[in-house]
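**Student:** Residue numbers (our numbering), protein chains in the order written: chain C, 458 to 571; chain Y, 17 to 127.
C-beta atoms are modelled at their ideal positions from N, C-alpha and C, and glycine is treated no differently.
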């Protein structure tokens, strides 16, 4: 399976502080995504990237920024964390397996903003 | 606006039962419909269905894409407690590489 890791796995931070989450992949995939998952909302796309320095917004991008300076790393930054950003964050890559495209997800980061 | 709607939102069954999970989708430039299983951590890929591949099967799990209606079902036969999970349905948003997800169906299989 694709090597995709997220860090940190858990984080507690205070309101108003900046937070950066990291997604790292080892197989040179072009597309990378950040989603958040909340009860009652399912998975919602925050930002995605289609190459180095090529990023675009998803449906819930307010309050978030991203950067991709290398193929293998996709960073998500909460510029000034708010309690509404308490969530589980998943990174994903678009991977072909057995001639089929499908997302592969990282293990997630549980972020709590207090 | 592209959307994916799953039903029911939750379901409780007994081991050995057969369950059917539903997914309807409204997306432009349809490319594929995907099913994922999520236990305690990250979603894991189950199936992808396209207009040229409308039925998939793996063990006790199977999925069908209805070509006439924008609809898919996921069937699980002879359910086991290990099938307890959230099942997610997704489709390519606007024919792009982005996926739009339904809210999921939480399946609980009791012994």
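Looking at the C-beta of residue 561 (chain C), does it have a partner C-beta in chain Y at a distance below 9 Å?
**Tutor:** Here the question's residue 561 (chain C) lines up with position 104 in the first chain. Closer than 9 Å: yes.
**Student:** Counting contacts by CB-CB distance shorter than 9 Å, is residue 60 (chain Y) in contact with chain C?
**Tutor:** Indexing the second chain from 1 puts residue 60 (chain Y) at position 44. Yes, residue 60 (chain Y) counts as interfacial toward chain C.
**Student:** Determine the contact status of residue 107 (chain Y) and residue 63 (chain Y), defining contact as a CB-CB distance below 9 Å.
**Tutor:** Mapped onto the second chain, residue 107 (chain Y) falls at position 91. Mapped onto the second chain, residue 63 (chain Y) falls at position 47. Cβ distance not < 9 Å, so residue 107 (chain Y) and residue 63 (chain Y) don't count as in contact.
**Student:** Please report whether the beta-carbon of residue 490 (chain C) lies at a distance below 9 Å from any beta-carbon of chain Y.
**Tutor:** Along the first chain, read from residue 1 onward, the residue named residue 490 (chain C) stands at position 33. Yes - at least one Cβ of chain Y is within 9 Å of the one on residue 490 (chain C).
**Student:** In the DSSP output, which residue or residues are listed as bridge partners for residue 59 (chain Y)?
**Tutor:** The sequence position of residue 59 (chain Y) within the second chain is 43, counting from 1. Looking at the DSSP assignment, residue 59 (chain Y) forms a beta bridge with Y:54.
**Student:** Buried or exposed: residue 497 (chain C), going by 16 or more other Cβ atoms within 10 Å of its Cβ?
**Tutor:** The residue you call residue 497 (chain C) lines up with position 40 of the first chain. Exposed: under 16 other Cβ atoms inside 10 Å.
**Student:** Measure from the alpha carbon of residue 503 (chain C) to the alpha carbon of each residue in C:490, C:495, C:510, C:511, then state which is nearest.
**Tutor:** Locating residue 503 (chain C) in the first chain gives position 46, counting from the first residue. When only C-alpha atoms are compared, the closest one is C:490.
**Student:** With distances taken between CB atoms, is the gap from residue 481 (chain C) to residue 506 (chain C) smaller than 9 Å?
**Tutor:** Counting from 1 along the first chain, the entry for residue 481 (chain C) is found at position 24. Counting from 1 along the first chain, the entry for residue 506 (chain C) is found at position 49. No, these two residues do not count as a Cβ contact at 9 Å.
**Student:** So, for residue 70 (chain Y): in the same chain, excluding its five sequence neighbours on each side, which residues have a beta-carbon less than 7 Å away from its beta-carbon?
**Tutor:** Translated into positions along the second chain, residue 70 (chain Y) becomes position 54. Excluding positions up to five away in sequence, the list reads 80, 81, 83.
**Student:** Are there three or more Cβ pairs, one per stretch, closer than 8 Å when the stretch 98–107 of chain Y is compared with the stretch 36–44 of chain Y?
**Tutor:** Using a C-beta cut-off of 8 Å, the stretch 98–107 of chain Y makes contact with the stretch 36–44 of chain Y, since at least three inter-stretch Cβ pairs fall below that distance.
**Student:** Taking the alpha carbon of residue 523 (chain C) as the reference point, which residue from C:544, C:548, C:541, C:543 has its own alpha carbon closest?
**Tutor:** Taking the first chain and counting its residues from 1, the one referred to as residue 523 (chain C) is at position 66. The residue with the shortest Cα to Cα distance from residue 523 (chain C) is C:548.
**Student:** Rounded to whole angstroms, how far is the Cβ of residue 509 (chain C) from the Cβ of residue 543 (chain C), which I believe are closer than 8 Å?
**Tutor:** Residue numbering aside, residue 509 (chain C) sits at position 52 when the first chain is read from its first letter. Residue numbering aside, residue 543 (chain C) sits at position 86 when the first chain is read from its first letter. The pair is not a contact, with the Cβ atoms about 31 Å apart (cut-off 8 Å).
**Student:** Against chain Y, which members of the stretch 539–551 of chain C pass a CB distance test of less than 7 Å?
**Tutor:** 547, 551
**Student:** Per DSSP, residue 546 (chain C) is paired with what?
**Tutor:** Sequence index remark: in the first chain, residue 546 (chain C) carries index 89 (1-based). Partner(s): C:493, C:566.
**Student:** Would you mind working out which of Y:126, Y:101, Y:127 sits nearest residue 25 (chain Y), comparing C-alpha positions?
**Tutor:** As a first step, residue 25 (chain Y) is located in the second chain; it is residue number 9 there, counting from the start. Sorting Y:126, Y:101, Y:127 by C-alpha distance to the C-alpha of residue 25 (chain Y) places Y:101 at the top.
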